[in-house]
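Student: Below you will find the structure I want to go over with you.
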Amino acid sequence: MSALLALPVFGLALMAQTAILSRLTLLSGCADLLLLLVAAWAIQERVRTAWQWAIVAGLFAGYVSALPWFTPLAAYLLTAALGRFLTRRLWQAPLLTMFVVTLAGTFLSQALALLTLQVAGRALLWGEAFNRILLPSALLNLMLAIPVYIFTRDLASLLYPEKVET
Amino acid sequence: MKLLSPRRLQVVIVALISLGIILLALGGYLRFATDRLNRWLVEAQAWVSTRYMALTDFLTMPREVSTLRQRNAELEAEVARLQAQIIELQQRVTETEILAALVDFARANPENTYKAATVIGRDPSPFLNYVIINIGSNDGIRPGMPVVTEKGLAGRIDAVIAEAARVQLITDSASVVNVRLQNAATNAILSGSLTGELTLDMISQDVNVQVGDVVLTSGLGGGYPPNLLIGQVTSVRKLDYELFQQATVQPLVDFDHLQYVLVITNFKPLDISPLLPAPTP
């Protein structure tokens with residue numbers, strides 16, 4: 001059920017991403033809603049479908065983007081892995097975890113995209129990419145991290161209700 | 001005694017009093033009393049009338065307030081509807097202006113056939129300058145077809161599905177367009193960048209490139225039709241120790257607010273890669 005829910009959630013998120021968020025740029029960077037959803041879902045303690053969500057998000061983004069399909073898939077899987085790893089260590093500070101995963105996930109996914117483009121033979125200026133795309137994107141992602149975290153937390157409590165001990 | 005029976009006496013007395021009062025009144029001696037009486041009557045009438053009106057208001061006002069509230073709500077809804085209509089009409093006017101400009105462009109270039117499309121999204125990756133349009137292979141769109149706006153060249157079709165297509169903008173870092181400088185009468189290569197800036201390269205050192213020179217497609221290489229407007233040169237970088245000059249170009253198309261585009265459907269891009277010499281090891 002929770003895994004299937006990823007389809008409508010990421011379908012809507014992808015629409016919002018391509019139609020709205022990709023147009024709301026800071027310098028040349030923009031927020032990545034799919035990455036934020038993957039990160040926020042992965043750090044929910046009771047959630048057991050973080051990997052499935054990352055795969056769905058990666059495949060959706062790979063289908064629409066001109067990047068090779070495996071690049072967003074790998075980026076989102078790595079972000080989910082980071083989220084699961086940090087949740088076990090920073091379980092008492094979910095918001096801090098969210099910020100760390102968002103920041104690290106942004107750098108990871110953007111670095112992976114840049115690497116793929118570099119391998120594909122594009123002439124890239126890494127300094128310019130860092131200053132004008134990567135940093136503004138990270139800032140926008142951090143700004144969106146809290147609302148996305150709250151949304152996924154509510155969704156997680158709906159799908160995985162806390163067991164009351166009697 | 002019969003004549004002065006008590007009953008008759010009463011009648012006579014009343015008649016005399018009445019006659020006296022009438023005579024006094026006719027003589028003007030009762031004006032003071034009548035005036036005071038009239039004032040009391042008027043005051044009483046006013047009091048009764050005021051209380052009656054207050055009572056009527058009290059009984060009818062709640063109904064009127066309710067009616068007024070209902071009417072107010074209706075009018076507010078009407079105002080909101082009209083405001084929404086105004087916004088919609090303003091949007092339509094803007095759309096019509098853009099579409100009229102696109103039609104003008106199509107009329108001015110009758111050698112091509114066009115298919116109009118709406119931009120429905122951008123690539124999720126900030127490193128890529130691609131847009132998604134709402135027409136695809138069902139509308140006869142094929143990869144490689146040039147995409148223009150009323151102002152000039154926007155890009156070309158990169159990938160197509162049945163109902164949509166992805167357009168690689170000329171600002172994308174992988175985009176390379178063969179161009180010519182109208183005033184300098186020379187060819188060059190226009191390439192995009194990660195941040196969407198356009199750079200002209202491969203301009204011979206002996207060519208005099210000026211700021212403001214118009215950049216058009218040259219048609220060389222078969223990737224784009226010739227003479228499509230791209231932009232103007234904004235700065236020139238000429239260093240003696242380099243083989244070629246470089247220049248930056250300000251595109252005429254506003255790529256940040258791309259809403260409608262035209263796909264040139266009768267242009268078939270050529271693949272000249274088999275004709276290019278293979279690099280020697």
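Order-wise, the sequence lines are chains F and P.
When the letters of the first sequence are read in order and numbered with my numbering, they come out as residues 1 to 166.
When the letters of the second sequence are read in order and numbered with my numbering, they come out as residues 1 to 281.
Every residue, glycine too, gets a C-beta built ideally from N, C-alpha and C.
Since this is a predicted model, take the numbers as computed values, not measurements.
Can you tell me whether methionine 1 of chain F is helix, strand or coil according to DSSP?
Tutor: If DSSP states are grouped into helix, strand and coil, methionine 1 of chain F belongs with coil.
Student: In chain order, what residues of the segment 38-71 of chain F put their CB closer than 8 Å to some CB of chain P?
Tutor: Taking 8 Å as the Cβ-Cβ cut-off against chain P, the residues of the segment 38-71 of chain F that qualify are Ala61, Val64, Ser65, Ala66 and Leu67.
Student: Measure how close the beta-carbons of isoleucine 230 of chain P and valine 215 of chain P come, nearest whole angstrom, since I'm counting them as under 8 Å.
Tutor: About 4 Å; that satisfies the 8 Å criterion.
Student: In the DSSP output, what is arginine 180 of chain P paired with across the bridge?
Tutor: Paired residues: P/Asn187 and P/Leu216.
Student: Sorted by chain position, which residues of the same chain lie with C-beta nearer than 6 Å to glycine 83 of chain F's C-beta, five sequence neighbours on each side aside?
Tutor: Ala39, Ala42, Ile43 and Val101, listed in sequence order.
Student: Residues in the same chain with beta-carbon distance under 6 Å from glycine 105 of chain F, minus the five sequence neighbours each way, listed in chain order, please.
Tutor: The answer, listed in chain order, is Leu35, Ala39 and Thr79.
Student: Of the residues that make up the segment 120-143 of chain P, which ones have a beta carbon closer than 8 Å to any beta carbon in chain F?
Tutor: Cβ contacts with chain F come from Ile120, Gly121, Arg122, Asp123, Pro124, Ser125, Pro126, Phe127, Leu128, Tyr130 and Ile132.
Student: Of all the residues that make up the segment 79-107 of chain P, which are near chain F by a beta-carbon distance shorter than 8 Å?
Tutor: So nothing in the stretch comes that close.
Student: Suppose the cutoff is 6 Å on Cβ atoms and the five residues either side in sequence are ignored; what does the same chain contact list for serine 137 of chain P look like?
Tutor: Val160 and Ala162.
Student: Against chain F, with Cβ distances strictly below 8 Å, would alanine 247 of chain P count as a contact?
Tutor: With 8 Å as the cut-off, alanine 247 of chain P does not count as an interface residue toward chain F.
Student: Alpha carbon to alpha carbon, how far is leucine 37 of chain P from arginine 51 of chain P? Give it in angstroms, no decimals.
Tutor: Approximately 21 Å between the Cα atoms of the pair.
Student: Does the Cβ-Cβ distance between asparagine 227 of chain P and glutamine 210 of chain P come in under 8 Å?
Tutor: Going by C-beta atoms, asparagine 227 of chain P is not nearer than 8 Å to glutamine 210 of chain P.
Student: Would you tell me roughly how many angstroms separate the C-alpha atoms of phenylalanine 32 of chain P and leucine 4 of chain P, rounded to the nearest one?
Tutor: Going by the C-alpha atoms only, they are around 35 Å apart.
Student: Between arginine 237 of chain P and chain F, is the shortest Cβ-Cβ distance under 8 Å, so that the two count as touching?
Tutor: Chain F contact via Cβ: absent.
Student: Taking arginine 166 of chain P as the query, report the chain F residues whose CB atoms sit under 7 Å from its CB, ordered along the chain.
Tutor: Those within 7 Å of arginine 166 of chain P in chain F are Ala66.
Student: Leaving out the 5 sequence neighbours to the left and right, which residues in its chain are closer than 6 Å to glycine 196 of chain P when beta-carbon positions are compared?
Tutor: Asn129 and Thr171, listed in sequence order.
Student: Alanine 116 of chain P: which of P/Arg81, P/Met145, P/Arg122 and P/Glu88 sits nearest, CA to CA?
Tutor: Comparing Cα-Cα distances from alanine 116 of chain P to each of P/Arg81, P/Met145, P/Arg122 and P/Glu88, the minimum goes to P/Met145.
Student: Based on Cα-Cα distance, which residue from F/Ala123, F/Ala19 and F/Leu5 lies nearest to threonine 118 of chain P?
Tutor: Among F/Ala123, F/Ala19 and F/Leu5, the Cα nearest to that of threonine 118 of chain P belongs to F/Ala19.
Student: With a CB to CB cut of under 7 Å and the five nearest residues on each side skipped, what residues in its chain are close to leucine 21 of chain F?
Tutor: Result list for leucine 21 of chain F: Cys30, Ala31 and Leu33, in chain order.
Student: Taking Cβ positions, are tyrosine 129 of chain F and leucine 115 of chain F nearer each other than 8 Å?
Tutor: Inspection of the sequence shows that residue 129 of chain F is occupied by alanine rather than by tyrosine. Not a contact, by the Cβ cut-off of 8 Å.
Student: So what's isoleucine 170 of chain P in DSSP terms, helix, strand or just coil?
Tutor: It is coil, neither helix nor strand.
Student: Does any C-beta atom of chain F lie closer than 8 Å to the C-beta of leucine 194 of chain P?
Tutor: Yes, leucine 194 of chain P lies at the interface with chain F (some Cβ there is under 8 Å from its Cβ).
Student: In the DSSP assignment, what residue or residues form a beta bridge with phenylalanine 244 of chain P?
Tutor: According to DSSP, phenylalanine 244 of chain P bridges with P/Ser204.
Student: Please state the DSSP three-state secondary structure of serine 235 of chain P.
Tutor: Of the three classes helix, strand and coil, the one that applies to serine 235 of chain P here is strand, per DSSP.
Student: Please say whether aspartate 123 of chain P and serine 65 of chain F have beta carbons closer to each other than 8 Å?
Tutor: Against a cut-off of 8 Å, the Cβ pair of aspartate 123 of chain P and serine 65 of chain F comes out as a contact.
Student: Which residues mark the beginning and the end of the beta strand (DSSP E) in which leucine 153 of chain P is found?
Tutor: Residues 153-160.
Student: From the DSSP output, which residues share a beta bridge with valine 119 of chain P?
Tutor: P/Ile133, per the DSSP bridge assignment.
Student: Relative to the C-alpha of proline 110 of chain P, which residue among P/Ala278, P/Ile264, P/Ser273 and P/Leu19 is closest?
Tutor: That would be P/Ile264, whose Cα lies nearest to the Cα of proline 110 of chain P.
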